[in-house]
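Position 113 of the sequence shown, counted from 1, bears residue number 114 in our numbering, the numbering being contiguous throughout. Each residue gets a CB set at the ideal place from its N, CA and C atoms; glycine is no exception. For reference, the structure discussed in these notes is given below.
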Amino acid sequence: MAYTAAKDDRFFTHDWCIRVAWTPNSSAQAGCLLVKKVTESNARDCINAHFGTATAAEKDVRLQNLLTRCANAKIYRNALQVLAYLEQEPGFKPVLVGLGGVMEIPSSIATSSTANVGLELEPHARGRGLGVLLFRVLLRLAHELHVDTIEAGTMKENHAMRALAKKLGLAETMENKYHPNGSGTVVADVMFHNIGVHTMFEDGAFEGMDVAFSPDSSQQLS
């Protein structure tokens, strides 16, 4: 059964994994980018990667904080948050390479309904083409939100994200973006507005994204 571009509630109610073929820009072995919805089990991968020297108790606290933030983002901002892994050799555990998410911006902040796309790559994963793949997957996930436009933002010193946006043909706008909690905290000072998926990429750019909804069989994303 072919998966179509129509919205699918299973992205919010099921565990799932999106698989995209990855071809390295070097002599490294090719593989697949695996993008998975954040769950309690894989969230621990993220904690271990970033706080490997912490005690077990400290990791448990950070894990619960992360899961609480994800749950609140889902409830209040209809968020889909993901972890990305690189699988290069069958039989070996995939390596965590980044995280990302898409979420709706409250209507009191935006004049029209808008989705924000964000990602962060691990240092060892940068400059390998993985960010472009992950960004494309996130754009596809943004279609599951009930929004009119898509945007992204970063800080001026985040040269990796700005280089990634340039590869995707996104135009920069120097503009402060504030945290939606009203604290006045600047969360981005470079914005990429009105990201149009179908105008950015040629027809069929999303072919090759296979999604497996647990416990359903694999389907083709379009």
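Sub-8 Å separation of residue i and residue j beta-carbons
i           : j           : result
residue 21  : residue 170 : no
residue 224 : residue 97  : The first residue shown for the chain is 2 and the last is 223, placing residue 224 beyond what the model contains.
residue 133 : residue 165 : yes
residue 140 : residue 34  : no
residue 178 : residue 162 : no
residue 95  : residue 181 : no
residue 52  : residue 70  : no
Nearest-angstrom Cα separation, counted from residue j out to residue i
i           : j           : result
residue 8   : residue 48  : 31 Å
residue 123 : residue 136 : 14 Å
residue 173 : residue 127 : 20 Å
residue 215 : residue 19  : 11 Å
residue 2   : residue 175 : Caution is warranted here: a pLDDT of 26 is assigned to residue 2, below 50, making its placement in the model unreliable, and no coordinate value can be reported.
residue 32  : residue 184 : 43 Å
residue 14  : residue 99  : 23 Å
residue 61  : residue 147 : 34 Å
residue 57  : residue 65  : 12 Å
residue 204 : residue 24  : For residue 204, the pLDDT reaches just 45, beneath the cut-off of 50, and the residue's location in the model is therefore unreliable, although a value from the coordinates is still provided. For residue 204 and residue 24, the distance between alpha carbons rounds to 20 Å.
residue 119 : residue 59  : 26 Å
residue 195 : residue 168 : 16 Å
residue 121 : residue 46  : 15 Å
residue 75  : residue 143 : 13 Å
residue 200 : residue 55  : The predicted model places residue 200 with a pLDDT of 47, which falls under 50 and marks its position as unreliable, so this point remains unresolved.
residue 211 : residue 38  : 14 Å
residue 125 : residue 160 : 15 Å
residue 138 : residue 44  : 19 Å
residue 213 : residue 93  : 20 Å
Proximity winner among the options, relative to residue i (alpha-carbon distances)
i           : options            : result
residue 42  : 167, 121, 16, 119  : 16
residue 11  : 121, 163, 145      : 145
residue 190 : 38, 158, 196       : 158
residue 225 : 89, 143, 59        : The shown model of the chain, from 2 to 223, leaves out residue 225, and the question about it has no answer.
residue 26  : 75, 68, 40, 129    : 129
residue 40  : 54, 55, 68         : 68
residue 91  : 213, 30, 211       : 30
residue 186 : 213, 211, 212, 156 : 156
Rounded distance between the beta-carbons of residue j and residue i, thought under 8 Å
i          : j          : result
residue 72 : residue 36 : Not a contact, Cβ separation roughly 19 Å.
CB contact below 8 Å: residue i versus chain D
i           : result
residue 144 : Among the chains of the structure shown, chain D does not appear; only one protein chain is present.
The region 146–165 touching the region 115–124, judged by at least three CB pairs closer than 8 Å: yes
Do the region 79–89 and the region 101–108 make contact, defined as three or more Cβ pairs closer than 8 Å? yes
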